[in-house]
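Following: one structure in C-alpha cells, then a few remarks.
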Amino acid sequence: MNNLATVPTTQTDTDVMQQYLRDILLSPVYQAAVETQLDAMPKLSQRLGHNVLLKREDKQPVYSFKLRGAFNKLHKVQQQNPTASVVCASAGNHAQGVALSASKLGLKATIVMPITTPEIKVAAVKALGGNVVLHGTAFDEANSYAINLANTEGAIYIPPFDDSDVIAGQGTVAKELLSQHNQLNTVFIPVGGGGLLAGMAVYIKAIQPNVKVIGVEPEDAACLKAALDAGQPVTLERVGL
Numbered sequence: 189m190n191n192l193a194t195v196p197t198t199q200t201d202t203d204v205m206q207q208y209l210r211d212i213l214l215s216p217v218y219q220a221a222v223e224t225q226l227d228a229m230p231k232l233s234q235r236l237g238h239n240v241l242l243k244r245e246d247k248q249p250v251y252s253f254k255l256r257g258a259f260n261k262l263h264k265v266q267q268q269n270p271t272a273s274v275v276c277a278s279a280g281n282h283a284q285g286v287a288l289s290a291s292k293l294g295l296k297a298t299i300v301m302p303i304t305t306p307e308i309k310v311a312a313v314k315a316l317g318g319n320v321v322l323h324g325t326a327f328d329e330a331n332s333y334a335i336n337l338a339n340t341e342g343a344i345y346i347p348p349f350d351d352s353d354v355i356a357g358q359g360t361v362a363k364e365l366l367s368q369h370n371q372l373n374t375v376f377i378p379v380g381g382g383g384l385l386a387g388m389a390v391y392i393k394a395i396q397p398n399v400k401v402i403g404v405e406p407e408d409a410a411c412l413k414a415a416l417d418a419g420q421p422v423t424l425e426r427v428g429l
C-alpha cells in the first residue's frame with residue numbers, strides 16, 4: 189500500500205492546495221449541477237458493522253459527477269472567450285457533461301466518440317446539443333483525433349480528468365460531503381483517470397485531515413497503483429473490460 193502522507197510537502201505544494209481550495213469553494217458548478225443527497229445504507233452497514241453512506245452522484249442531470257468538472261472548465265473557457273468552441277473525447281459521462289455544460293453556456297461543443305459507443309449514449313449526447321463525431325475503435329484513438337481536431341479548428345480541448353479546472357469542479361463533491369456529515373472516518377473514492385480522487389482528496393485533507401481517503405480501482409486496471417509504484421504516470425499494457 190502506498191502512503192501519500194509520506195510525500196514531502198513544499199511551499200509550492202501548499203500554494204497549489206490553497207488555490208484548489210479557493211477554486212472549489214468559488215466554483216459555479218451549481219449553474220448546471222445539483223447538490224446530491226447522502227443516503228444511508230442500512231443493510232450494508234449492518235453486514236459490515238460500520239455506518240456506510242452513499243453520495244448519490246447518479247442523481248445529477250447527466251447521472252454522473254463528470255458534469256461538475258466539465259462545467260467548471262467550460263465556465264472558465266466561456267469567461268475568457270464567450271464565442272469559443274470546445275472539443276472533447278469520451279464514450280459516455282464526460283461527453284454528456286461537456287455537451288450539457290456547453291449548451292448552458294452558449295458554446296459550440298464537438299464530442300468525439302469511438303465508433304463502438306452504444307447508440308443510446310450517442311443519442312444522449314446529441315439530445316444535449318453536442319455535435320458527435322465517431323472515430324476510432326477505442327478511447328485513445330478518439331482522444332488523439334479530438335486533440336488534433338481542436339488544434340486544426342482553433343477550438344479548445346477539454347480533458348476528462350488531467351486538468352486543474354476539471355479537478356476543482358470534481359472537488360465540489362467533497363465540499364458537499366463534509367457539509368452533510370461532520371463525523372466521517374473514511375471516504376472511499378473510485379479511481380479512473382483520477383480527477384475525482386484528486387479534487388476530493390485535496391479538499392478533505394485540507395478541511396478535515398484526520399479523515400482517511402482511500403482510492404479504489406479495478407485490479408485489472410490499476411493505473412494509480414502502477415503510477416505510485418513507478419513514481420510517475422505510466423501507461424498500462426492492457427486492462428480488463
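Heads up: the sequence shown is residues 189 to 429, going by this note's numbering. Backbone N, C-alpha and C define an ideal beta-carbon position, used for all residues, glycine too.
For my contact list, residue i and residue j are in at a C-beta cut-off of 8 Å; report their separation, rounded to the angstrom.
i	j	result
residue 265	residue 299	With 8 Å as the limit, residue 265 and residue 299 do not qualify as a contact, their Cβ atoms being about 15 Å apart.
residue 244	residue 217	Their Cβ separation, rounded to whole angstroms, is 16 Å, which puts residue 244 and residue 217 out of contact at 8 Å.
Measuring alpha carbon to alpha carbon, tell me which of the options ends up nearest residue i.
i	options	result
residue 406	390, 379 and 351	379
residue 426	346, 410, 253 and 293	410
residue 271	428, 233 and 294	294
residue 203	327, 273, 291 and 390	390
residue 341	348, 276, 210 and 307	276
Once you ignore the five residues that flank residue i on each side, which residues in its own chain have a CB closer than 7 Å to its CB?
i	result
residue 420	none
residue 414	422 and 424
residue 408	427 and 428
residue 291	316 and 317
Return the chain-ordered list of same chain residues with a C-beta closer than 8 Å to the C-beta of residue i, the five sequence neighbours on each side being excluded.
i	result
residue 369	226 and 241
residue 337	275, 298, 300, 321 and 343
residue 210	none
Please return the same chain residues whose Cβ sits closer than 6 Å to the Cβ of residue i, not counting the five positions on each side in sequence.
i	result
residue 190	Residue placement at residue 190 is flagged as unreliable, the pLDDT there being 49, under the threshold of 50; the coordinate-derived value follows with that caveat. Excluding sequence neighbours, residue 190 sits near 416.
residue 355	383, 386 and 387
residue 323	300, 330 and 333
residue 239	233
residue 318	287, 297 and 299
residue 483	Because the chain spans 189 through 429 in this model, residue 483 falls outside it and cannot be assessed.
Check whether the Cβ atoms of residue i and residue j sit closer than 7 Å, and answer yes or no.
i	j	result
residue 403	residue 212	no
residue 392	residue 362	yes
**Q.** Given 8 Å, three or more beta-carbon pairs between the stretch 393–404 and the stretch 356–374
**A.** yes
Q: Report yes or no: do the stretch 206–217 and the stretch 246–263 share at least 3 C-beta pairs separated by less than 8 Å?
A: yes
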